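Asker:
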Amino acid sequence: HTHGTGCTLASAIAVGIAQGLSVRSAVVRAREYVIGAIRTAPGYGTGHGPINHAYQLPF
Numbered sequence: 875h876t877h878g879t880g881c882t883l884a885s886a887i888a889v890g891i892a893q894g895l896s897v898r899s900a901v902v903r904a905r906e907y908v909i910g911a912i913r914t915a916p917g918y919g920t921g922h923g924p925i926n927h928a929y930q931l932p933f
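Written out as structure tokens, the structure reads:
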């Protein structure tokens with residue numbers, strides 16, 4: 875389940891920067907988001923498919 879990860883990662887980094895994070899912090903947070911979105915994707919582990927874009931990082 876990795877379809878869309880590149881675009882999602884880039885978008886999440888851009889959001890973090892727009893929210894005032896440093897580039898490094900934005901990348902770290904975006905990576906955590908994408909990993910969580912992959913792990914919680916519907917049908918995870920059953921082949922190619924979309925990630926869970928509704929995933930929310932814990933606060």
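Quick note on the working numbering: the sequence shown kicks off at 875 and runs consecutively. The C-beta atom is built at its ideal place from N, Cα and C for all residues, glycine as well. In this text, all values refer to a predicted model and were calculated from it rather than measured experimentally.
Closest to Ala886 by C-alpha separation, out of Arg898, Arg903, Tyr929, His922, would be which residue?
Answerer: Arg903
Asker: Pull up the distance between the alpha-carbon of Gly921 and that of Thr914, whole angstroms please.
Answerer: Distance from the CA atom of Gly921 to the CA atom of Thr914, rounded to whole angstroms, is 14 Å.
Asker: At which residues does the alpha helix (DSSP H) containing Tyr929 begin and terminate?
Answerer: It is not in any alpha helix (DSSP H) - Tyr929 carries neither H nor E in the DSSP assignment.
Asker: Looking at C-alpha atoms only, which residue of Gly917, Tyr907, Ala892 is the closest neighbour of His927?
Answerer: Tyr907
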